[in-house]
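Below: the structure, in C-alpha cells.
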Amino acid sequence: MTPDTPKTSGSKKFAWPQVVAALLILAYAVTFAHFGIERYRATFSHDWRDEALNNQMFYNTAKGDPLYSTVKGPQRHHRHFRPIFVPASLPYVIVHDARAWFAAVALLMALGGVAAFRLGKKLLGEDIHGLAACAAWLIWPATIEVTMGNLDPETFVAVFWLFAILFYVENRFAGWLAFAILALACKETQAPVLAAFGLVALADRKPWRWGVTALALGVAWFVVALKVVIPMYAPDFGTIYNRFVGA
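Quick note, the sequence shown lines up with residues 455 to 701 if you use the numbering used here.
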C-alpha cells in the first residue's frame, strides 16, 4: 500500500456499538425469558380470566382447534378480531404451556432493539446513536412491563409498530406494510392507528400509495372487524359504537 492509498473503512472497521447492542439484545432475551418462565411457575393461575382464556386458546389453536375456549365464550372473535392468535400459538407446538409463550415474547421484545438501533443510526447518523436507542428500548419500563405482563398477543403491538416506523423511515414500502398488517392483526383497535399513519404519510409528502394504503386498510379493517367479524360470533353483543366504547 502506498502512502497515498486511502485506508479502508466501513465493513473493515470494528463497529463496537453493534457488538454491544447485539450482546444487550441477547442478554435481554435470555434474562426475561427466564424471568417470565419463573413468574409463570410461581404465580400463574387458571382462575385468572384473561391468562386462563388466552392460555387455553393458544393450546387449542396449536392442537388444531383455532381459538376455541371454554373459559369465556367458545370463540375469541366474539369480543375482539385478533387473527394474530393463530401464528402466536406456534410456541405451544414446541412446549405445551405458557413457558414457550414467555420465552417467545422475550425474544420478540428483544428484537425490537434491532429496529431501535437502526432507527437511531438512521435518524442521528452514527452507530453510537443506534446503541443508545437500542439500550433505551431495552431498559424502557414499558418494554419490560409488556414482556413480563400477561398472555396477550397485544404485547406484540409495540414491536410491530417500531419495525413499521423503521421501514417507513427507510422508504421500504413492503416491509412497512407487512408490519402494519401484523399490528392490525393484534387487535381491531390498531386500525385507527394505521389510518392516522396514513394522514402522517400524506402530510410527509410520501408517494400516494403510502397514505392511501394506510387510510384505506385502516378504515376497512376497522369496519370489517366491528360490523362483520365480531357480530358474526356475537350477534347480540350490540352496535358498532357500543362495542367499541365498551357500553
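A virtual CB, placed ideally from N, CA and C, is assigned to each residue, including glycine.
Please read all numbers here as calculations on a predicted model, not as lab measurements.
Excluding the 5 residues flanking it on each side, H583 has same chain C-beta neighbours closer than 7 Å at G574 and K575, in chain order. Beta-carbon to beta-carbon, L605 and N508 are separated by about 4 Å, close enough to satisfy the 8 Å threshold. Under a 10 Å Cβ-count criterion, W555 is classified as buried, with 16 or more other Cβ atoms of the shown protein chains found around its own Cβ. Approximately 5 Å separates the beta-carbon atoms of G567 and W591; this is inside 8 Å, confirming the contact. Close CB contacts of V474 within its chain, under the 8 Å cut and outside five residues either way in sequence, are with L585 (chain order).
Distance between Y513 and R536, taken at the CA atoms: about 16 Å. DSSP places K641 outside both helix and strand once states are collapsed to three, so it counts as coil. For the pair I491 and A589, the CB atoms are not nearer than the 8 Å cut-off. If the five residues before and after I479 are omitted, its C-beta is found closer than 8 Å to the C-beta atoms of A564, L565, G567, V568, C588 and L592, all from its own chain and listed in chain order.
Looking at the backbone, the Cα of F617 and that of F633 are separated by about 7 Å. For F614, the closest alpha carbon among the candidates M602, V647 and W594 is that of V647.
It is roughly 32 Å from the alpha-carbon of P661 to the alpha-carbon of T597. Residue burial is scored here from C-beta neighbours: M511 has at least 16 other C-beta atoms within 10 angstroms and is therefore classed as buried. Our two residues, Y546 and L653, have alpha carbons roughly 38 Å apart in a direct line. The Cβ-Cβ distance between L620 and R572 falls below 8 Å. Under the three-state reduction of DSSP output, V547 falls in the helix class. Here the C-alpha atom of V682 lies approximately 15 Å from the C-alpha atom of G672. Pairing Y482 with A560, the inter-Cα distance amounts to about 7 Å.
The three-state secondary structure of M511, taken from DSSP, is helix.
The beta carbon of R553 is closer than 7 Å to those of I491 and Y494 in its chain, skipping five residues each way along the sequence. The shortest CA-to-CA distance from L562 to any of L680, V611, E505 and V678 is the one to V611.
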